[in-house]
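Residue numbers (the numbering used here), protein chains in the order written: chain A, 3 to 600; chain B, 3 to 600.
Number of protein chains: 2
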Amino acid sequence: MSLIVDRRDLDFVLFEMLGADRLADRARFAAYDRTAMGQILDTAQALAEDVFLPIAAQVDADEPKFVNGQVEQPAATGAALRAWAEAGFFGLAFDEAAGGLQAPWTLYTAATGMAVAANTPVTNYAFLTVAAANLLAAFGSDTLKAQYLPAMVEGRWFGTMCLSEPQAGSSLGDIRTMATDRGDGSHALKGSKMWISGGDQAITDNIVHMVLARLPDAQPGSKGISLFLVPKMRTDAAGQITGSNNIALAGLNHKMGQRATTNCLLNLGETGETIGWMIGQPGRGLEYMFHMMNEARIGVGHAAVMAGLAGYLHSADYARTRPQGRPAGERNPAAPQVPIIRHADVRRMLLAQKAAVEGAQALCLFCAGLVDDIETDPAARADAQALLGLLTPVVKSWPAEHCLEANKWAIQILGGYGYTRDYPLERLYRDNRLNHIHEGTFGIQGMDLLGRKIAGDGGAVLGRFVAMVQDTIAQARRHAGLGPDCDRLADALLALDRAVQALLGCADAERRTANATIFLDAFGHVVIGWIWLWQARLARGQLDNPATGEVDRLFYQGKLAACRHFTLTELPLAVARFAICGSLQSPALDSDPALFGG
Amino acid sequence: MSLIVDRRDLDFVLFEMLGADRLADRARFAAYDRTAMGQILDTAQALAEDVFLPIAAQVDADEPKFVNGQVEQPAATGAALRAWAEAGFFGLAFDEAAGGLQAPWTLYTAATGMAVAANTPVTNYAFLTVAAANLLAAFGSDTLKAQYLPAMVEGRWFGTMCLSEPQAGSSLGDIRTMATDRGDGSHALKGSKMWISGGDQAITDNIVHMVLARLPDAQPGSKGISLFLVPKMRTDAAGQITGSNNIALAGLNHKMGQRATTNCLLNLGETGETIGWMIGQPGRGLEYMFHMMNEARIGVGHAAVMAGLAGYLHSADYARTRPQGRPAGERNPAAPQVPIIRHADVRRMLLAQKAAVEGAQALCLFCAGLVDDIETDPAARADAQALLGLLTPVVKSWPAEHCLEANKWAIQILGGYGYTRDYPLERLYRDNRLNHIHEGTFGIQGMDLLGRKIAGDGGAVLGRFVAMVQDTIAQARRHAGLGPDCDRLADALLALDRAVQALLGCADAERRTANATIFLDAFGHVVIGWIWLWQARLARGQLDNPATGEVDRLFYQGKLAACRHFTLTELPLAVARFAICGSLQSPALDSDPALFGG
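(1) To the nearest angstrom, how far is it from the Cα of Gly418 of chain A to the Cα of Ile342 of chain A?
(2) Is the number of C-beta pairs between the region 84-94 of chain A and the region 107-122 of chain A that are closer than 8 Å three or more?
(3) Taking the straight line between their C-alpha atoms, what separation do you get for Ala48 of chain A and Glu167 of chain B?
(4) Quick test of your reading: Val340 of chain A and Ile415 of chain A, contact by CB under 8 Å. State the CB separation rounded to the nearest angstrom.
(5) Mind checking if Asp347 of chain B is an interface residue toward chain A, Cβ cutoff 7 Å exclusive?
(6) On a Cα-Cα basis, can you pick out the residue from B:Leu137, B:Gln503, B:Asp23 that is closest to Glu297 of chain B?
(7) When the Cβ atoms of the region 567-579 of chain B are set against those of the region 577-587 of chain A, are three or more pairs found closer than 8 Å?
(8) Is there contact here, the region 26-45 of chain B with the region 70-83 of chain B, by at least three beta-carbon pairs under 8 Å?
(9) Tell me, please, which residues DSSP counts as bridged to Arg216 of chain B.
(10) Run the CB neighbour count on Ala494 of chain B, radius 10 Å, all protein chains shown included, and call it buried at 16 or more, exposed below.
(11) Can you give me, in chain order, the residues of the region 77-104 of chain B that have a beta carbon less than 7 Å from any beta carbon in chain A?
(12) Could you check whether the region 140-147 of chain B touches the region 451-469 of chain B, counting it as contact only if at least three pairs of C-beta atoms, one from each stretch, sit closer than 8 Å?
(13) Out of B:Ala362, B:Ala354, B:Leu393, which one is the CA nearest neighbour of Val373 of chain B?
(14) For Ala549 of chain A, count neighbouring C-beta atoms within 10 Å of its own C-beta (all shown protein chains included) and say buried if the count is 16 or more, exposed if not.
(15) Using a Cβ-based criterion (distance less than 6 Å to any ligand heavy atom), does Met39 of chain A qualify as near the ligand NAD?
(16) By the 7 Å beta-carbon criterion, what residues does the region 252-263 of chain A contribute toward chain B?
(17) From the DSSP output, which residues share a beta bridge with Gly193 of chain B?
(18) For Lys147 of chain A, does the three-state DSSP call read helix, strand or coil?
(19) Return the first residue and the last residue of the beta strand (DSSP E) that Lys67 of chain B is part of.
(20) Could you tell me which chain A residues have their CB closer than 7 Å to the CB of Ala575 of chain B, listed as they occur along the chain?
(21) Would a check of beta-carbon distances place Phe598 of chain A closer than 7 Å to chain B?
(22) Give the residues of chain A in contact with Met3 of chain B, contact being defined as C-beta atoms less than 8 Å apart.
(23) Do you know offhand how far Ser173 of chain B's Cα is from Ala240 of chain B's?
(24) With Val73 of chain A as the anchor, note down where its beta strand (DSSP E) starts and where it stops.
(25) What residues in the region 410-428 of chain B have a beta carbon less than 8 Å from any beta carbon of chain A?
(26) With respect to the alpha helix (DSSP H) encompassing Phe92 of chain B, which residues constitute its N-terminal and C-terminal limits?
(27) With three or more beta-carbon pairs closer than 8 Å as the criterion, would you say the region 346-361 of chain A touches the region 391-408 of chain A?
(28) Taking only the alpha-carbon atoms, compute the straight-line gap between Thr45 of chain A and Gly361 of chain A and give it to the nearest angstrom.
(29) What did DSSP end up calling Ala5 of chain A once you bin it into helix, strand or coil?
(30) Taking only beta-carbon atoms, is Ala457 of chain B less than 7 Å away from chain A?
(31) Answer with yes or no whether the minimum CB distance from Ser194 of chain A to chain B is below 7 Å.
(32) Tell me, to the nearest whole angstrom, how far the beta carbon of Thr122 of chain A is from that of Ala309 of chain A; I am working on the premise that it is less than 8 Å.
(33) Could you tell me whether the Cβ of Ser593 of chain B comes closer than 7 Å to any Cβ of chain A?
(34) Among the residues of its own chain, which have a CB less than 6 Å from the CB of Leu288 of chain A, if the five just before and after it don't count?
(35) Distance cutoff 7 Å, beta carbons only. Does Arg566 of chain B sit that close to anything in chain A?
(36) Give me, in chain order, the residues of the same chain whose beta-carbon lies closer than 7 Å to that of Asp238 of chain A; leave out the 5 immediate sequence neighbours on both sides.
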């Protein structure tokens with residue numbers, strides 16, 4: 003049994019649930035029939051298990067160091083990324099014209115997920131490079147693309163996103179880094195960039211930074227921000243490195259987890275001129291960034307899921323083999339101990355993890371499918387875009403909350419062992435804690451969902467989503483035994499509707515969003531409940547088919563159990579939370595800051 | 003503003019809520035009037051802030067090492083503990099006859115809490131020494147007490163609890179360490195002890211281990227276990243060290259947090275004879291351990307609270323001073339940024355922490371007061387013992403769950419900074435994660451509450467507790483404005499009653515306890531809801547008094563806000579969870595272990 007992927011479940015989601023093999027009907031993805039997809043997943047799994055997983059503890063313990071203004075880090079990190087690059091995974095989803103393999107985003111997400119489950123902080127370098135290259139591919143000039151894109155798609159040069167500054171984290175409109183026209187089509191950049199993952203490293207010859215900065219005459223706030231490509235090293239027209247671009251590494255942040263990913267404070271233009279080139283139009287930098295944000299936020303949510311999945315698989319393996327205690331009712335203290343999976347509370351902790359990670363993994367892949375639809379299905383594009391917009395705050399936040407909780411349960415199953423660094427659980431838990439913070443905090447996702455995505459169109463997209471859920475309920479009702487699950491999801495939809503009516507009817511925007519984080523969590527439960535009912539309906543169908551074999555029967559029964567666990571023990575909490583939101587009461591909003599002392 | 007204690011709140015709980023100054027009316031505590039208590043709290047605060055807090059990051063980063071069979075650890079750890087010992091805190095609650103200061107357990111808990119908030123892993127050595135010394139004082143022979151107790155009470159020798167073994171963690175009945183009579187009143191011990199906090203260290207000349215072991219003819223299971231005092235070093239009658247007792251340090255565990263506390267695998271009787279002396283009667287070792295377990299479990303819960311409190315105070319301080327973003331409705335991007343405490347969602351995260359940590363701190367001190375009643379109030383003893391038994395699983399578990407959650411929110415308020423080791427939040431979060439595991443896991447506490455404490459007497463003690471809560475509700479109803487809080491707590495009591503009726507009516511013990519962990523969490527909410535309504539009633543009374551000054555008014559308004567936050571946003575979740583338990587449904591219980599793959 004792999005400790006980083008359940009291929010049976012991945013196949014179920016990709017092919018039985020989402021029909022990803024039908025993507026090959028689209029011209030762009032013609033090479034990706036089910037066999038080709040399977041081969042790519044096999045390659046990813048082999049690299050993840052043989053290259054990424056074995057070094058995970060080592061690169062966590064031996065974290066990157068700041069020595070004489072440069073990064074020192076274990077060679078294993080770079081070696082793993084080079085193997086990943088050589089297998090083509092940096093360029094998997096890019097256009098063939100750009101040197102890519104033009105695979106569906108769905109396949110890219112599934113394949114990279116295995117490496118993420120094995121070793122999130124090492125894969126971050128690839129994740130960031132792909133995100134930066136996507137930005138360049140979408141908005142860069144042909145000249146810039148010709149000069150930088152091939153090396154990024156091949157994984158020879160890595161990329162970063164330089165958004166935050168010491169005084170501007172969540173509030174990006176307040177960045178101060180300045181870009182001054184040099185008169186030759188380039189700009190001189192000056193300022194400090196904070197929290198830059200992969201901002202410097204000892205792996206690649208060059209780093210391609212995507213930097214947000216202001217022109218001297220730019221208006222204040224987010225509309226005055228432009229986007230610049232700023233390389234670590236200057237190059238000639240042939241792409242050969244000619245010298246430093248004067249980006250000084252001022253220090254590394256020392257994090258609780260994800261330690262193998264450097265996290266840097268960079269000073270631009272301090273030790274000499276730092277030259278960059280504008281991408282796209284002035285003043286549209288944040289808009290471009292947000293264009294790529296859906297994919298980035300799916301990526302963060304997916305990383306949370308993968309940490310949760312690795313913890314689930316590891317703790318299930320432990321529970322099957324660790325003897326401790328005796329069955330309920332056994333009074334003979336000399337009777338042999340049983341594997342702890344025989345205790346109902348241990349299975350409860352396993353089911354809770356399974357419900358969170360398998361549910362959220364399916365949501366991530368569903369959202370990756372929407373990205374593919376947006377790109378390759380003109381008829382579906384508008385609806386897919388709107389639905390993805392609605393689901394993005396959920397896919398970013400729900401796994402960060404509930405797959406972190408899954409990691410907590412995984413530690414708990416191992417007891418004291420789970421708390422030690424001899425097992426991967428505590429590392430997964432530390433790694434996972436970041437996901438509520440970067441790419442937009444939990445609180446910001448809640449404001450985005452309630453303020454922009456729901457109130458922004460008067461609930462129209464939400465209404466279409468609810469209709470999809472109702473359709474799933476209607477289909478599930480045809481199957482014996484799913485009635486209670488359908489009822490509970492319908493209850494949650496009703497509670498959602500009541501809350502939304504109350505919230506949309508509230509003219510005070512601050513009060514409307516005061517409980518936005520609570521609303522986001524509850525709405526995420528509806529989304530995951532919908533995923534589970536969808537999976538349970540498919541499982542029920544397969545169980546009703548006499549041709550389904552014994553091994554598959556266990557798999558589908560596991561789906562029914564996780565669905566039931568989720569609808570029984572989780573959805574009622576969402577109902578309670580919707581009622582809180584709908585009450586429009588917020589003791590926090592009504593509290594004077596002075597009540598907290600100081 | 004202190005970052006480890008809110009003395010105004012501590013005074014409120016001790017004196018306005020619990021009337022701890024009235025303990026001085028009891029002969030044992032005659033020296034402890036309010037002034038004396040205040041002086042001891044001042045001393046503890048000074049040591050915690052000046053000695054324990056400044057070294058917390060250092061002793062976390064420089065964790066103890068296993069070198070040539072011995073422990074190497076930073077000198078700062080021992081220095082802090084010596085200062086603590088010199089101030090008398092090891093012996094604070096012990097009899098004067100034993101060299102102690104005979105203070106109430108309530109005061110001991112409050113005073114040590116400050117050092118725990120500053121630096122849990124360093125204080126663990128003192129916590130374990132006091133627990134071992136308590137065991138010795140309660141059950142040891144006069145000879146053993148004369149030989150070992152003074153050095154422990156003075157903090158010159160530390161103590162440990164040696165319960166677990168590699169094959170026996172939660173299942174203590176399965177321990178195998180053997181004790182063979184040497185014919186001179188002593189025993190030779192042979193076996194391995196695992197997870198021994200403070201099991202070896204580089205601080206004190208000697209260590210006094212309290213070891214569970216079996217006599218050769220002992221019956222299997224927990225009734226065959228005896229308790230032995232086993233020193234690290236042998237001593238003569240005068241207490242002078244004469245040589246090694248052959249307890250080999252086989253290795254240190256490397257933990258996610260609480261790193262400054264060594265955690266050891268010890269081999270007894272492997273390199274030579276390890277000699278110990280039985281404490282009390284054969285076969286009663288576990289019974290003695292459990293006699294001290296209430297205090298130990300309050301201590302673990304209290305440590306979880308203190309980590310939560312330190313995180314709350316730190317994040318509140320940060321929120322008051324960190325500028326980021328603008329007030330809701332401010333459209334001018336050039337307007338100055340405001341401190342993040344001005345954002346409702348940040349205040350929500352502060353209120354959530356305040357509700358958890360101040361509520362749970364009051365519960366810990368209430369339970370410490372029950373310990374004092376058991377010891378010094380014969381008329382109240384039986385009821386106090388029963389109530390403490392009911393509340394112990396809650397005081398052990400609820401803070402481990404919800405004050406860990408508080409630490410999660412504290413990190414979130416600091417954003418990326420909270421995730422770095424430059425701030426204490428991530429360390430508090432790592433430290434706190436242990437508290438659900440040691441001194442009985444979350445799952446075991448649930449079984450204890452539902453199986454032994456509630457079903458064990460047919461719900462009788464629970465009924466008395468519910469009557470206390472109803473009395474608090476009745477008193478609170480006299481105050482304007484607390485009606486909604488009273489209603490919600492009454493709703494939760496109703497849901498509790500329904501669940502208990504269903505659970506007690508279920509003849510299948512395994513089904514009855516399948517959701518015991520969920521029940522424990524919900525019951526904990528009722529207990530904390532009761533604490534909050536009690537505090538809100540007192541606060542309301544003070545606010546209705548025109549003589550109450552402005553600073554105090556803010557304090558009491560903070561109490562009302564936290565109470566409202568808890569009853570509004572948390573108690574409905576308990577109602578939902580009670581309904582789940584009362585349904586007697588458990589998809590986990592009904593799941594075949596094979597559904598989890600493998």
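Cβ coordinates follow ideal geometry from the N, Cα and C atoms, glycine included.
Because the structure is a prediction, the values reported are computed rather than measured.
Taking the definition as stated:
(1) Here residue 418 of chain A refers to the residue found at position 416 of the first sequence. Here residue 342 of chain A refers to the residue found at position 340 of the first sequence. Each residue's alpha carbon lies about 14 Å from the other.
(2) yes
(3) Locating residue 48 of chain A in the first sequence gives position 46, counting from the first residue. Locating residue 167 of chain B in the second sequence gives position 165, counting from the first residue. Going by C-alpha positions, Ala48 of chain A is about 37 Å away from Glu167 of chain B.
(4) Start at 1 with the first residue of the first sequence, and residue 340 of chain A comes out as number 338. Start at 1 with the first residue of the first sequence, and residue 415 of chain A comes out as number 413. With 8 Å as the limit, Val340 of chain A and Ile415 of chain A do not qualify as a contact, their Cβ atoms being about 15 Å apart.
(5) The residue given as residue 347 of chain B occupies position 345 in the second sequence. Yes, Asp347 of chain B lies at the interface with chain A (some Cβ there is under 7 Å from its Cβ).
(6) The sequence position of residue 297 of chain B within the second sequence is 295, counting from 1. Considering only alpha carbons, the answer is B:Leu137.
(7) Touching, yes.
(8) No, the region 26-45 of chain B is not in contact with the region 70-83 of chain B.
(9) As a working mapping, residue 216 of chain B is identified with position 214 in the second sequence. BP columns for Arg216 of chain B point to B:Met180, B:Ile227.
(10) For the purposes of this step, residue 494 of chain B is identified with residue 492 of the second sequence, where counting begins at 1. Its Cβ being crowded by 16 or more others within 10 Å, Ala494 of chain B is buried.
(11) none
(12) no
(13) For this step, residue 373 of chain B is matched to residue 371 along the second sequence. The shortest C-alpha separation from Val373 of chain B is found at B:Leu393.
(14) Residue mapping note: residue 549 of chain A aligns to position 547 of the first sequence, counting from 1. It is exposed - the Cβ of Ala549 of chain A has fewer than 16 other Cβ atoms within 10 Å.
(15) The ligand NAD is not part of the structure shown, which contains no ligands of any sort.
(16) Asn255, His256, Lys257, Met258
(17) Reading the second sequence from its first residue, position 191 is the one you call residue 193 of chain B. According to DSSP, Gly193 of chain B bridges with B:Leu270.
(18) For the purposes of this step, residue 147 of chain A is identified with residue 145 of the first sequence, where counting begins at 1. Residue state, collapsed to three classes: helix.
(19) Position 65 of the second sequence, counting from 1, holds the residue named residue 67 of chain B. Where Lys67 of chain B is concerned, the enclosing beta strand (DSSP E) stretches over 67-69.
(20) Counting from 1 along the second sequence, the entry for residue 575 of chain B is found at position 573. The amino acid at residue 575 of chain B is misidentified as Ala; the sequence shows Leu. Going along chain A in sequence order, the residues near Leu575 of chain B (Cβ under 7 Å) are Leu575, Ala578.
(21) Working through the first sequence from its first residue, we reach residue 598 of chain A at position 596. So yes, Phe598 of chain A belongs to the interface.
(22) Numbered from 1 along the second sequence, position 1 holds the residue referred to as residue 3 of chain B. Those are Gly599, Gly600, listed as they occur along chain A.
(23) Indexing the second sequence from 1 puts residue 173 of chain B at position 171. Indexing the second sequence from 1 puts residue 240 of chain B at position 238. Our two residues, Ser173 of chain B and Ala240 of chain B, have alpha carbons roughly 39 Å apart in a direct line.
(24) As a first step, residue 73 of chain A must be located in the first sequence, where it is residue number 71. Start and end: 72-74.
(25) Lys410, Ile413, Gln414, Gly417, Gly418, Gly420, Tyr421, Thr422, Arg423, Asp424, Glu428
(26) In the second sequence, counting from the first residue as 1, residue 92 of chain B sits at position 90. Here Phe92 of chain B belongs to no alpha helix (DSSP H), and DSSP marks it neither H nor E.
(27) yes
(28) The residue labelled residue 45 of chain A in the question sits at position 43 within the first sequence. The residue labelled residue 361 of chain A in the question sits at position 359 within the first sequence. Cα to Cα, Thr45 of chain A sits roughly 25 Å from Gly361 of chain A.
(29) The residue you call residue 5 of chain A lines up with position 3 of the first sequence. Looking at the sequence provided, one finds Leu at residue 5 of chain A rather than Ala. In the structure shown, Leu5 of chain A sits in coil (DSSP, three-state: anything other than H, G, I, E or B).
(30) For this step, residue 457 of chain B is matched to residue 455 along the second sequence. So, not an interface residue.
(31) Locating residue 194 of chain A in the first sequence gives position 192, where the first residue counts as 1. Taking Cβ atoms only, chain B never reaches closer than 7 Å to Ser194 of chain A, which makes this a no.
(32) Reading the first sequence from its first residue, position 120 is the one you call residue 122 of chain A. Reading the first sequence from its first residue, position 307 is the one you call residue 309 of chain A. Between Ala309 of chain A and Thr122 of chain A the Cβ distance is about 6 Å, and since that is below 8 Å, they are a contact.
(33) Stepping through the second sequence from its first residue, residue 593 of chain B is reached at position 591. It does; some Cβ of chain A falls within 7 Å.
(34) By 1-based counting over the first sequence, the position of residue 288 of chain A is 286. A distance below 6 Å between beta-carbons, with the five flanking residues on each side excluded, links Leu288 of chain A to the following residues of its chain, in chain order: Ser224, Ile227.
(35) As a first step, residue 566 of chain B is located in the second sequence; it is residue number 564 there, counting from the start. It does: the Cβ of Arg566 of chain B has a partner Cβ on chain A nearer than 7 Å.
(36) Along the first sequence, one-based indexing puts residue 238 of chain A at 236. If the five residues before and after Asp238 of chain A are omitted, its C-beta is found closer than 7 Å to the C-beta atoms of Thr244, all from its own chain and listed in chain order.
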